[in-house]
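Please read the structure below before turning to the comments.
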Amino acid sequence: MVDWHNRYGNFLHSAILTGLLSGYTTFSSLQLDAAKLVNQKQAILAASYLMLSVLSCLLAAAMGAWLAY
Numbered sequence: 011m012v013d014w015h016n017r018y019g020n021f022l023h024s025a026i027l028t029g030l031l032s033g034y035t036t037f038s039s040l041q042l043d044a045a046k047l048v049n050q051k052q053a054i055l056a057a058s059y060l061m062l063s064v065l066s067c068l069l070a071a072a073m074g075a076w077l078a079y
C-alpha cells in the first residue's frame, strides 16, 4: 500500500510550499505595492521600485549561482 501523503518526501513538499508559493505571494505583494504607488500619483517611484526590486533579485540570484559554482 502506498502512502500518498508522504509520496515525494519532505524536501520536495518544503521546496514547493516555500519556493513556489512564497515566490508567488512575494511577487503579488510587489505588484500591489507598485499599484498603490501609482494610485497615489507616484508613478515614477513605482517604476523605480519595480526596476530596483527586479534587478536586485536578479543580482542576488546570480550571486547565489556564482557562490554555488
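Counting in the working numbering, the sequence shown runs from 11 upward without gaps. The beta carbon of each residue, even a glycine, is placed where N, CA and C say it ideally should be.
Range of the contiguous alpha helix (DSSP H) that encloses residue i
{"i": "I54", "result": "A53 to A78"}
Distance between residue j and residue i (C-alpha atoms, nearest Å)
{"i": "L39", "j": "Y79", "result": "Contrary to the premise, residue 39 reads as Ser rather than Leu in this sequence. When rounded, the distance between both Cα atoms is 31 Å."}
{"i": "M61", "j": "N49", "result": "18 Å"}
{"i": "Q52", "j": "F21", "result": "42 Å"}
{"i": "A57", "j": "I26", "result": "30 Å"}
Member of the options whose CA lies at the smallest distance from the CA of residue i
{"i": "T36", "options": "G74, A72, S63 and W76", "result": "S63"}
Test item: CB-CB of residue i and residue j under 8 Å
{"i": "L47", "j": "L55", "result": "yes"}
Burial state of residue i (16 or more Cβ within 10 Å)
{"i": "A44", "result": "buried"}
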